[in-house]
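Encoded as structure tokens, the structure appears first; notes follow it.
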Amino acid sequence: MSRYEWPIAPAHADEGDGDDPAARSRYNSRRRSALDLGKALRASRTPQQLPPAARRGRAPGPFAPIMGDQFVWQHLGPATVLGGQAEGNPRVAGRINALCVHELGQRIYAASANGGVWYSKNGGDSWVSVGGLAPTNTAGINRPAQRNACGALEVIFGTNEGDDTVFLGTGEVNSDPEGHVGDSEGGVGILVGDKPAKPGAAADPWKPEAHHLVNNGIYRFARDPESATILVATLTGLYQRPAAHAGEVDWGRPTATPFATLDKPCTDILWTAANGTSPARCWVWVKDGPDFGLWVRANGTANFKKVTVDATAGLAYVARRGALAASNPPTQVWLLNDYGGGAGTAGLFRVTNPASGTDPVAHGVVGVPDVLRNQGFYDIAIAVDPNNANRVVLGGCFMEDVQLDGKQVQYNAAITVADVAANPANAGILTYGQPNRYTLIGLGAHADVHALAFSNAGTSLWTGCDGGVFRSDRPDRPAGFYPRNHGLSISESNYVACHPMAEGHLLSGLQDNGTVQRMSSGVWKMKYMGDGGGIVLNAANPSESFAQYVQGNWNRDPTGGTGPLTRGNLVLPSERDGAAFYSMPANIANTRSAPAAGVPASFSQTLIGTWRLWYSDDFGKSWVTLPTATDPLAGMTATPPVINAGQDSLGNVITACRWQGPDVAWVLCDQRIRRYSRAAGAPNGGGPGVWVDQNVVPTGYTPPPTPPGIPPSPEPGGKAKKRPPPPPPAPAPAPLPISLLDSEVWTDMAPNLDAPPAPGQPPAQHGTLGALYVGTIGHKTMPNTDTLFWFDGTDKWYPTGLHAIVPAPVLAIACRPELPLEVWAGTAVGVWQGVRTDHGADAPTWAWTQRVNGLPEAAVEDLAFHSFNGVTLLRAGVAARGVWELRLDDPTAADRTYLRIHEDDLRYAVPPLVTPPNGNLRVLKKRDLVTDRSWHSSPDIRPRKAPAAMPAPSTLPWRRDPFRGTKEQLRRFQAALRSSTSDPRIVANGIWDVYFSEVLRDHGAPVLAVPATVPPAPPMPALSVARINAAFWNTHMTGAHATREPWGTGKPTEADLYELTPDIPEGDLGRTSYALKRGALKVDIVVQHRGLGARDGADVRVTLLQWIDPKPHHRAKWNDTATWFTDPVPWTGAVNEVLNSAAGTTALAFGAGWSFVGSTDATRRQTLAGQTLDATHAGIATFDLATGTLANNRVILLVAVIRAGADIALAPATLQELALTRPEVAVRSLHVTTT
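Mapping of the sequence shown onto UniProt numbering: position 617 corresponds to residue 617, and the numbering continues sequentially without gaps.
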């Protein structure tokens, strides 16, 4: 995301300069730049004939083919991320670099940064991946792991839907502002798809071309409107598709001057059609070098000419990135030129497109707003209104602005629109915003704009940005954009954190889209905005977490502690900004045997790295550095401040921290490994103890040079990564053995512990120091350099041979002590499992097995284990594909359709039995590991008030600030307004922000004019405040609109239920989970599914039962579960018949207060027909529940039961036992009130 201060909420974060896409690019490219594409592609996986179980229906989404039912990866999401960064908190996805939109606005192709091409046939309501999930054909290099890195897109739309030809330029352009070419995304040239999105298209519809452009970056295609010629602008100049292009062919350089030999970045290309006397022309922007600037060639002429600049406005080209657009018809061309972050950061030029024989001239435009800031190398876009040749839309980074009601906004897309005309008051110079000031129209869209496109004859404007795809049907209004991201599964997962007991509780750090938390299925919710780096849960209380924004900025949840660089209200900016862009912290539980007074016996230890190692034993309330074990910033709040910046410096930035045990920690830098150890027993009374540290590296190591700005370490410096050369050789010297020192970057590490020596004991250290795996990127020019090394724990390092199997960088490593001979490696092209065999005094060897069944082909950024209650799961954070898991305790995958007990439940195993004083029970614990968890609070049973007409509240008129209504009143009005206006921008979530104010203004809401104030009062400009009064309320709260659901007509998605209905807390074990006022209710049943393939909703049947205590006196109490129904339930036979029979009938009766919800056969059983269930798409059934006649404080037990495919056979048992042991059953307790 952009270089600006992000809103960090809810937890406090260290303040900094914000994210930096150039720094992120440098970080990522260093970790991947040694990828040997050809070998990695051929080694990754081969196509296999899929068995029938794998070929049956899989819903659209980020899924890969499944080959058999063994070791199958399952998707954990996100398919939808709620609460994104921008006004209105839109649903967001990953970065979109290019868009091609059909003129009618329904057919859309979107090129994601690392997630391939996606297609929508319905205006962005839903998306499918276009050939990005097929297994690799090893005979050629069309490996999705690399072709999913998209830079440019060109579509020739067919007459009919699906009959399209698509050109994909793989490989992102490098975002380093200095222009260094990196291959972090590993593009494979150009791919061409003939009807790739048409139903029935091949699993791999792409045909590779331009193989010589492997590792290049592609900016844009251009097609000659008068022939079949196609040019592409790349990091190394222009290339032209040959006229004969059967099969895989290279694209050659055009013969025209200067592009026949120019090898500089051409950041944009445009081909305008002939118009009147103006010929068709090709326009190219050259970024730098002696030929930088705008070039043009008319069709029929041999060479390009440089377009001169008229000097009237005092503007000139700058040798940085440029973007082009043309009017319609192409009477003129527009150029947006990045000026690099100084004063006037964008140069805008209007270029004439004259008659044949006359050269075009560029005229500078003044008054251009600061849309690019210092990020024009990364986010830059321009479009022209097709109905107005002088109305220009500019897109860039972000902009601050003040809306009409006085609210300042800043975390939205920098998209502006204005007319350009000569300003008579300024010597007739062309001015952006003449005669009227420009309008910021990016409200509600994620920042960092990469693409702009008009459709629908100019009435709709689309943008591709770091938050996905957004559309505006009011392209001249501030709040026109709304998200089109549901199901666009391209979130770029950097890090994953798993709860030790609750298998469904995960956090993930996303590139560009903050830290997100899994809610269920494919729905995740943003926890912190901005970027998402390393994450760690508090081992002593895993309901708490630390999450990195970038560098030395950390969020703690809950508040009560800070990152290591904050003291009071001050932060140390030099160390904050000098830390690694992303880094992995570490946390481990520990126990003090003799704690001092007031010191907890059980605690956790946290490590966070900057250029030194920070340690906290109270989860961020206090910090010291190791090994000194004192706080070098203790005097930062003194006057004058006293700071020891050099204490414990490693002379390099830390990228990963790992605990081997409570008294041993490992720290990884790019080329440095440090081991920290503590004297045994030192923390028993409190305090960090006594620590020592040492380098643990192969023989011949010399430390790398200290980067600028980082205090040097106390050890001697040396030349980076070079081993001492061997002595002068005899005639044929023996080659040096493979060494860790040969790799340019060390990426990750994992301690390799031995199994516990006895039950109840901790894992054992291997060797005198502890064994360790270290991952690397290898070396481009040294093909034998390995990518994974093992330290034997004493003094020897061994290559594992992984590079010979798959020559791709190792980005993530995971080990588990119970299987010490096993290691898991996440590479840039998938996951491999290794098993070590020891050979006594000889070197060990490793046997490697691919573990990619069902896993999308993309870089694996992180690996993490979850192991509890007999279930072992490996989680993987996958670039632009979200989070995935592989079950290891039971490698045979099977379809599982279920209801959850609680929100962290995946129904892998029944809760364990414990033996409390009152007998054996199955007991759940909440995320804190202490509090008993409710079994009667299923998040898949969601009661809510039925939508009903609401009279105008007496508190009207309302305004945004102060708002005098209630959230539910506003939610009901928003639902009615959305229905009456058919406006998708209106989100019925009960939130009134500045985005909603502008939407109200667009629909004619009354406004309050607030006059400006003058001294002595605080000065304030005149304001125009949108309001809702009784007349406006009554205009829209009418007829069917008054009772419309917040999502409109049809079934909601699970994301709709989370976003558009009131939050439903989990509740406590000893009382009802939720309270509602009596009346007409809706109960939404959410059915989850995981397995080998998707499930047709027609195969799923759902019924709902209720229990209301029939006793006239001493009825069930909402706060005393002992008074609820506790006998074996009497309805299992009847439910079996209702769900298993064709008609859904039963003659079996049952009483004791139990009944079906629904009085007829048709209403007491529903199917999910018309819905498709998979790992990221739940099914929804909704029942009507009448509670209007109940007295105050009545208890209702709601029980949902499902049948999926085969018949069910429930046997009588207690409600608690059924809920905890049968995945077909879930319970929700409800407290009904009269107020």
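Ideal Cβ placement from N, Cα and C applies to all residues, glycine included.
Item, Value
"With a Cβ-Cβ cutoff of 8 Å, do residue 1154 and residue 1107 count as a contact?", "yes"
"Would you tell me roughly how many angstroms separate the C-alpha atoms of residue 987 and residue 974, rounded to the nearest one?", "7 Å"
"Between the alpha carbons of residue 800 and residue 656, how many angstroms are there, rounded?", "21 Å"
"From residue 309 to residue 883, what does the alpha carbon distance come to, in whole angstroms?", "50 Å"
"Measure the CB-CB distance between residue 787 and residue 777 and report whether it falls below 8 Å.", "yes"
"Find out if the Cβ-Cβ distance for the pair residue 189, residue 159 is shorter than 8 Å.", "no"
"What do you reckon, is the C-beta of residue 211 under 7 Å from a heavy atom of the ligand FMN?", "What this structure holds is no ligand at all, so the ligand FMN is not there to describe."
"Could you check whether residue 649 and residue 612 sit closer than 8 Å to each other, using their CB atoms as the reference points?", "yes"
"What is the rounded straight-line gap between the Cα of residue 179 and the Cα of residue 215?", "The predicted position of residue 179 is uncertain, since its pLDDT is 25 and thus under 50; no value can be drawn from it."
"Indicate the three-state DSSP secondary structure (helix, strand or coil) for residue 82 in the structure shown.", "strand"
"Can you tell which of 563, 440, 602 and 398 has the C-alpha that lies nearest to the C-alpha of residue 633?", "563"
"Can you give me the C-alpha to C-alpha distance between residue 1053 and residue 1081, rounded to a whole angstrom?", "19 Å"
"Within the same chain, show all residues whose beta-carbon is closer than 8 Å to that of residue 525, passing over the 5 residues directly before and after it, in chain order.", "81, 82, 83, 516, 517, 519 and 1058"
"Whole beta strand (DSSP E) runs in the region 317 to 341 with 3 or more residues, listed along the chain?", "322 to 326 and 332 to 338"
"Bridge partners for residue 1020 per DSSP, in chain order?", "1013"
"Grab me the residues of residue 537's own chain with a C-beta within less than 6 Å of its C-beta, minus the 5 sequence neighbours each way, in chain order.", "497 and 545"
"Please return the same chain residues whose Cβ sits closer than 6 Å to the Cβ of residue 960, not counting the five positions on each side in sequence.", "992 and 997"
"Would you be able to state if there are at least three C-beta pairs under 8 Å between the region 478 to 486 and the region 436 to 448?", "yes"
"Based on the DSSP secondary-structure assignment, which residues constitute the bridge partners of residue 822?", "835"
"Going along the chain, which residues of its own chain have a beta-carbon closer than 8 Å to the beta-carbon of residue 1005, five neighbours each way excluded?", "1026, 1027, 1028 and 1032"
"In chain order, what residues of the same chain lie with their CB nearer than 6 Å to the CB of residue 61, ignoring the 5 residues before and after it?", "In this prediction, residue 61 has a pLDDT of 47, which is less than 50 and means its spatial position is unreliable; nothing more can be read from the coordinates."
"Taking the alpha carbon of residue 794 as the reference point, which residue from 504, 699 and 213 has its own alpha carbon closest?", "699"
"Tell me which same chain residues have a C-beta within less than 7 Å of the C-beta of residue 1056, skipping the five on either side of it?", "1047"
"Kindly identify the DSSP beta-bridge partner or partners of residue 292.", "Answer by DSSP bridge pairing: none, since residue 292 is not bridged."
"If you measure between the beta carbons of residue 450 and residue 428, is that distance less than 8 Å?", "no"
"Please go through the region 636 to 709 and give each complete beta strand (DSSP E) segment of 3 or more residues, from N-terminal end onward.", "654 to 661, 664 to 669, 672 to 678 and 691 to 695"
"What number of angstroms, rounded off, separates the C-alpha of residue 1238 from the C-alpha of residue 213?", "In the structure as shown, the chain starts at 1 and stops at 1235, and residue 1238 therefore has no counterpart that could be examined."
"Touching or not, the region 69 to 76 and the region 415 to 426, by the rule of three or more beta carbon pairs under 8 Å?", "no"
"Alpha carbon to alpha carbon, how far is residue 272 from residue 331? Give it in angstroms, no decimals.", "9 Å"
"Rounded to the nearest angstrom, what separates residue 906 and residue 1089 at their Cα positions?", "10 Å"
"Taking the alpha-carbon positions, what's the residue 163 to residue 457 distance?", "22 Å"
"With DSSP run on the structure shown, which of helix, strand or coil describes residue 264?", "coil"
"Looking only at DSSP bridge pairs, what is residue 577 linked to?", "DSSP output for residue 577 lists no bridge partner at all."
"So, for residue 1169: in the same chain, excluding its five sequence neighbours on each side, which residues have a beta-carbon less than 6 Å away from its beta-carbon?", "1097 and 1098"
"Can you tell me whether residue 556 is buried or exposed? The criterion is at least 16 other CB atoms within 10 Å of its CB, across all chains shown.", "buried"
"What is the residue span of the alpha helix (DSSP H) that residue 1136 lies within?", "1132 to 1140"
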